[in-house]
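Which chain is which? The protein sequence lines are B and X, in order. Just so we're aligned, residue 86 is where the first sequence starts under our numbering, counting upward by one. Just so we're aligned, residue 11 is where the second sequence starts under our numbering, counting upward by one. Here a beta-carbon is modelled for each residue, glycine too, at the ideal position from N, C-alpha and C. Take a look at the structure below.
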Amino acid sequence: MSQPEKNRRNDDAVLYIRGETWLHKSHPFNKLIYVLLTGVVAYLGPETMLLEGCCIALNFALAVQAGIFRAAWGLFWRTMLPLALFMTAIHGIFYPDNLTVLFSLFGQYYYLEGFVYAGNILLQLGALLTASALLVFLTNPADLISAMTQAGCPPSLAYLTGSPLQLLSVMRARIQTIQAAQRARGLESEGNLVVRFRALFPLVVPLVLGSLIEIEQRSIALEIRGFNSPGPKTSWRIIEDTARQRALRLLMLCVIFLLVILRIFS
Amino acid sequence: MAQQNTVKFTFSTMTLALIAMAIVLNIAIGQLVALLKLPIFLDSIGTVLVGILAGPLAGGLTGLLTNLIWGMVSSPVAAAFSPVAMVIGIAAGLCAKYGLFKTWWLAVLSGVIITFFNAVVAVPIRLYMFGGITGSGADFMTAYMLALGKDLFGSVVVTVFTSNLLDKVVTALLAWAVVKGLPSRTLHRFSREKRVAT
Numbered sequence: 086m087s088q089p090e091k092n093r094r095n096d097d098a099v100l101y102i103r104g105e106t107w108l109h110k111s112h113p114f115n116k117l118i119y120v121l122l123t124g125v126v127a128y129l130g131p132e133t134m135l136l137e138g139c140c141i142a143l144n145f146a147l148a149v150q151a152g153i154f155r156a157a158w159g160l161f162w163r164t165m166l167p168l169a170l171f172m173t174a175i176h177g178i179f180y181p182d183n184l185t186v187l188f189s190l191f192g193q194y195y196y197l198e199g200f201v202y203a204g205n206i207l208l209q210l211g212a213l214l215t216a217s218a219l220l221v222f223l224t225n226p227a228d229l230i231s232a233m234t235q236a237g238c239p240p241s242l243a244y245l246t247g248s249p250l251q252l253l254s255v256m257r258a259r260i261q262t263i264q265a266a267q268r269a270r271g272l273e274s275e276g277n278l279v280v281r282f283r284a285l286f287p288l289v290v291p292l293v294l295g296s297l298i299e300i301e302q303r304s305i306a307l308e309i310r311g312f313n314s315p316g317p318k319t320s321w322r323i324i325e326d327t328a329r330q331r332a333l334r335l336l337m338l339c340v341i342f343l344l345v346i347l348r349i350f351s
Numbered sequence: 011m012a013q014q015n016t017v018k019f020t021f022s023t024m025t026l027a028l029i030a031m032a033i034v035l036n037i038a039i040g041q042l043v044a045l046l047k048l049p050i051f052l053d054s055i056g057t058v059l060v061g062i063l064a065g066p067l068a069g070g071l072t073g074l075l076t077n078l079i080w081g082m083v084s085s086p087v088a089a090a091f092s093p094v095a096m097v098i099g100i101a102a103g104l105c106a107k108y109g110l111f112k113t114w115w116l117a118v119l120s121g122v123i124i125t126f127f128n129a130v131v132a133v134p135i136r137l138y139m140f141g142g143i144t145g146s147g148a149d150f151m152t153a154y155m156l157a158l159g160k161d162l163f164g165s166v167v168v169t170v171f172t173s174n175l176l177d178k179v180v181t182a183l184l185a186w187a188v189v190k191g192l193p194s195r196t197l198h199r200f201s202r203e204k205r206v207a208t
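What follows is the structure, given as structure tokens:
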């Protein structure tokens, strides 16, 4: 595989969508703290479904502004639909505090309390999910990692978060190679449960063993390139952080702090 | 222990490279198993391996980062369960510390212990954040327990424990098999290899 082709595939491995809007350009920490804020508002804030509904609407409005509405909507729909189906069915029927019968379908009673509970949880999750979508679709993981390093996190942490993203496509290719090799030796990886379970060891063990043996070479390669050198580490990427961004971040942190305090004392 | 108490990022380059590789293994094998349509996840085999080979702290870090990165590359829901993955790594590291990865039947016991710690952290997240339902096949178990008249907490506990027991035991067994299969030249480059050697 040629080098440029590899790079392109790495880009596909993350959810990030390139763009130039103000939301793309805002500091990664701001988006991270926004997710935290939404989570605190949804789970610890005042208990009204309206608030969470507003959060979801706001997040989608922001997604439209950033031009990622389709992606955000797709993620929302894919994650929330199975949850919603299971949640309303199971809690509608079995929620332990169910009292008021809402309707019956095929001889099965559905209750109001369960639906209210399910709706509440779904809205909370929806708010958090849409906020996370803003983070993952609008933040290049490399920027987030650089921002962490600039804020004083050890550079080794940057290695730990950055290198897996690049290794992932290599690993997927290796899995396919092992699968093909073991099939050529007569391994059945389709069939009933026992057959598929037995296929597990010959697929997983060579992959893991090979990867572990490779680690020695990787660590030597890293050390040769000054991975352990004690001097300051420099970065090619500089993440812009304006005074306004910092103020916004501080404001969000204050609101989070306030909501948590309010929750504790009420 | 003394070396571990100096904490935070004093990991050797070998350990750091191991953690990075283990994170990728977690994600890649998790996806492979989903492809084989097995009733297990196997997305913590790398975490358990790091716990065995490099200690609880490194294991916990592997788990935490795995789920955070997973959240970044495919589904943010995975990030919500990152504390669970962290505890798996810590538990595996502690099990190895007390010699519970020396034979295959001890590895099975480790799997059960990991399942227990897994449940302690996973139940509150599943219960308070997701209302007990995560939109997966395990929900049928929760529904069944609720139908039997159990309360939501009890149902979620039973679901988390049963749906993870097989997974964690198979994970521990595979990790044991891998460590046994490592050439000693590689094995002895890791910091805690003495705990697994019989």
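Would you mind working out which of the options sits nearest residue i, comparing C-alpha positions?
i: Ala-88/X; options: Phe-126/X, Ile-135/X and Leu-63/X; result: Ile-135/X
i: Thr-215/B; options: Ala-64/X, Phe-200/X and Pro-86/X; result: Pro-86/X
i: Thr-113/X; options: Val-43/X, Ala-182/X, Leu-156/X and Leu-28/X; result: Ala-182/X
i: Asn-277/B; options: Ser-165/X, Leu-46/X and Phe-200/X; result: Leu-46/X
i: Ala-232/B; options: Ala-151/B, Asp-326/B and Glu-105/B; result: Asp-326/B
i: Leu-208/B; options: Ala-227/B, Leu-166/B and Arg-310/B; result: Leu-166/B
i: Trp-321/B; options: Gln-150/B, Glu-273/B and Ile-230/B; result: Ile-230/B
i: Gln-267/B; options: Met-256/B, Leu-250/B and Val-290/B; result: Val-290/B
i: Ala-265/B; options: Met-172/B, Leu-245/B, Pro-287/B and Thr-246/B; result: Pro-287/B
i: Thr-72/X; options: Phe-21/X, Gly-109/X and Phe-51/X; result: Phe-21/X
i: Thr-133/B; options: Asn-205/B, Met-172/B, Arg-103/B and Met-337/B; result: Asn-205/B
i: Leu-160/B; options: Asn-225/B, Ala-212/B and Arg-331/B; result: Ala-212/B
i: Ala-236/B; options: Val-280/B, Cys-140/B, Ser-351/B and Ile-324/B; result: Ile-324/B
i: Asp-177/X; options: Trp-80/X, Ser-54/X and Ser-146/X; result: Ser-54/X
i: Phe-150/X; options: Met-172/B, Leu-336/B, Glu-299/B and Ile-349/B; result: Met-172/B
i: Leu-63/X; options: Gly-81/X, Ile-50/X, Ala-101/X and Ile-79/X; result: Ala-101/X
i: Thr-169/X; options: Val-130/X, Ser-194/X, Asn-77/X and His-198/X; result: Val-130/X
Tell me where the alpha helix (DSSP H) around residue i begins and ends.
i: Val-84/B; result: Nothing can be reported for residue 84/B, as the shown portion of chain B is limited to 86 through 351.
i: Tyr-128/B; result: 113–129
i: Pro-287/B; result: 278–309
i: Trp-107/B; result: 107–110
i: Arg-257/B; result: 240–269
i: Ser-194/X; result: 194–197
i: Lys-318/B; result: First-last for Lys-318/B: undefined, no H or E at that position.
i: Thr-76/X; result: 66–83
i: Met-24/X; result: 23–46
i: Ser-1/X; result: This structure cannot speak to residue 1/X, because chain X is shown only from 11 to 208.
i: Ser-92/X; result: 92–107
i: Asn-174/X; result: 162–191
i: Met-165/B; result: 154–179
i: Ile-230/B; result: 226–235
i: Tyr-154/X; result: 149–157
i: Leu-143/B; result: 134–151
i: Ile-124/X; result: 114–134
Can you tell me where the beta strand (DSSP E) with residue i in it begins and where it stops?
i: Ser-189/B; result: 186–190
i: Tyr-194/B; result: 193–196
On the premise that residue j lies in contact with residue i, defined as a C-beta separation below 8 Å, what is that separation, rounded to the nearest angstrom?
i: Val-179/X; j: Val-83/X; result: At roughly 28 Å, the Cβ-Cβ gap does not stay under 8 Å, so Val-179/X and Val-83/X are not in contact.
i: Gly-141/X; j: Ala-203/B; result: 7 Å
i: Leu-333/B; j: Leu-192/X; result: Incorrect: roughly 50 Å between the Cβ atoms, too far for contact.
i: Asp-228/B; j: Pro-315/B; result: No, Asp-228/B and Pro-315/B are not in contact; Cβ-Cβ is about 26 Å, not under 8 Å.
i: Ile-392/B; j: Leu-122/B; result: Since the first and last residues shown for chain B are 86 and 351, residue 392/B lies out of range.
i: Val-97/X; j: Val-133/X; result: Not confirmed; about 12 Å, so no contact.
i: Gly-65/X; j: Arg-202/X; result: 5 Å
i: His-109/B; j: Ala-148/B; result: Going by Cβ atoms, the distance from His-109/B to Ala-148/B rounds to 12 Å, so no, they are not a contact pair.
i: Lys-116/B; j: Leu-184/B; result: Their Cβ separation, rounded to whole angstroms, is 42 Å, which puts Lys-116/B and Leu-184/B out of contact at 8 Å.
i: Leu-28/X; j: Phe-200/X; result: 7 Å
i: Leu-48/X; j: Phe-282/B; result: 6 Å
i: Leu-26/X; j: Ser-241/B; result: 6 Å
i: Gly-130/B; j: Leu-344/B; result: 6 Å
i: Thr-144/X; j: Ser-165/X; result: Contact doesn't hold; Cβ gap of about 13 Å is too wide.
i: Ala-30/X; j: Pro-249/B; result: 6 Å
Taking the Cβ atom as the reference point for each residue, do residue i and residue j lie within a distance shorter than 8 Å?
i: Trp-186/X; j: Phe-111/X; result: yes
i: Ile-33/X; j: Leu-67/X; result: no
i: Phe-179/B; j: Leu-156/X; result: yes
i: Val-120/B; j: Leu-220/B; result: yes
i: Gly-216/X; j: Val-60/X; result: The displayed coordinates of chain X run from 11 to 208. Any statement about residue 216/X would go beyond what the structure contains.
i: Ser-189/B; j: Tyr-196/B; result: no
i: Thr-23/X; j: Leu-307/B; result: yes
i: Ser-296/B; j: Ala-284/B; result: no
i: Ile-305/B; j: Thr-196/X; result: no
i: Phe-200/B; j: Leu-187/B; result: yes
Inter-stretch contact at 8 Å, needing at least 3 Cβ pairs: the segment 171–178 of chain X / the segment 32–42 of chain X: no
The segment 99–107 of chain X in contact with the segment 120–136 of chain X per 3-pair CB rule at 8 Å: Three or more pairs of CB atoms, one per stretch, sit closer than 8 Å, so the segment 99–107 of chain X contacts the segment 120–136 of chain X.
Contact between the segment 251–267 of chain B and the segment 134–151 of chain B (3+ Cβ pairs under 8 Å): Touching, no, given that fewer than three Cβ pairs across the two stretches are closer than 8 Å.
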